[in-house]
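Here the structure comes first, spelled out in structure tokens, and everything after it is commentary.
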Amino acid sequence: MPAFQELITSEEALRELVPPPPATRLSRSKELRELDEHARAWIAASPLVLVASADADGRCDVSPRGGPAGWVRVLDDHRIALPDAPGNGRIDTLRNVVQTGLAGLLFVVPGRRDVLRVNGSACVTRDPEALEGIPGSPRLALGVVAEEVFFHCAKALLRSGVWDPDGWPAPDALAPFSVVLRDHAARNGNDVDLDDAEAQIVESLATRMW
């Protein structure tokens, strides 16, 4: 039995529930095949990028990437380079890109409710043009050749209230990261000391940001 009932399994059935926008709607004509001046300016202002990828078996992943505004390199009208900062060593995104050569990017600008989406072919590269002058001298970059470029409207971020601090939970309303890691390790049969987990997190943030 599938995990959910009453599945929609074809685009035709989907369109019966979600009709396509009329030809006069802006959403039908907003997609570009290259990075124009608006996309370039947005990328330059974006400190946070969500990177979507999938492996050769179709298993999907979304991973955040961040840095000071301007950390993402726009090399020309099609090529974008995201320098790879030190992480947790899982290489989920990079491994997926090596397998499939595809990635989707969502660029967020603080305080703005719209976002920029860029989809295209991708690679893991050591191209000096992508890495030169980047703090920390990264060894690798995620390279993306833009094939679909478009801005996404403000509805999702408006509905979420993500920029409204009045709607934020109290800082202690959710378990600390160290507690979550300890508990998840226990579920996998590993006994992790909470003090050790906290020490590893502090060390990582202090010494492996760049």
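Numbering-wise, the sequence shown is residues 10 to 219 according to the working numbering.
Heads up, the beta-carbon is just placed ideally off N, CA and C, and yes, glycines get one too.
Q | 8 angstroms Cβ shell around V201 - same chain, five flanking residues per side excluded | A | Excluding sequence neighbours, V201 sits near L190, R191, A194 and A195.
Q | 7 angstroms CB neighbourhood of H161 in its chain, flanking five on each side removed | A | The answer, listed in chain order, is D123, V124 and R126.
Q. Which same chain residues, not among the five before or five after G129, have their C-beta less than 6 angstroms away from its C-beta?
A. So the qualifying residues of the chain are V153, V154, A155 and E156.
(Q) If you follow the alpha helix (DSSP H) that L214 is in, where does it begin and where does it stop? (A) Per DSSP, the continuous alpha helix (DSSP H) segment holding L214 begins and ends at L203 to T216.
Q.
Once DSSP output is grouped into helix, strand and coil, what is the label at H47?
A. Secondary structure at H47: helix, using DSSP grouped into helix, strand and coil.
Q: Tell whether a beta-carbon distance below 9 angstroms holds between R82 and P92.
A: Closer than 9 angstroms, so yes.
Q. Which one or two residues does DSSP pair with F159 in a beta bridge?
A. Looking at the DSSP assignment, F159 forms a beta bridge with R126.
Q: Please list, in chain order, all residues of the same chain as N97 whose beta carbon is under 6 angstroms from its beta carbon, the five residues on each side excluded.
A: Excluding the 5 residues flanking it on each side, N97 has no same chain C-beta neighbour closer than 6 angstroms.
Q. V117 lies in the beta strand (DSSP E); which residues open and close that run?
A. Membership of V117 in the beta strand (DSSP E) is indicated by the continuous run L111 to V117.
Q) Under the three-state reduction of DSSP, which class applies to P174: helix, strand or coil? A) Correct three-state label for P174: helix.
Q: Measure the alpha-carbon distance for E207 versus L183 and round it to whole angstroms.
A: Their backbone Cα atoms lie some 16 angstroms apart in a straight line.
Q: Note down, one range per segment and in chain order, each beta strand (DSSP E) of at least 3 residues found wholly within the region 56 to 94.
A: Listed in chain order, the complete beta strand (DSSP E) runs (minimum 3 residues) inside the region 56 to 94 are 57 to 63, 69 to 75 and 88 to 92.
Q: Please decide whether A112 counts as near chain C, where near means a Cβ-Cβ distance under 9 angstroms.
A: The displayed structure is made up of one protein chain only, and chain C is not part of it.
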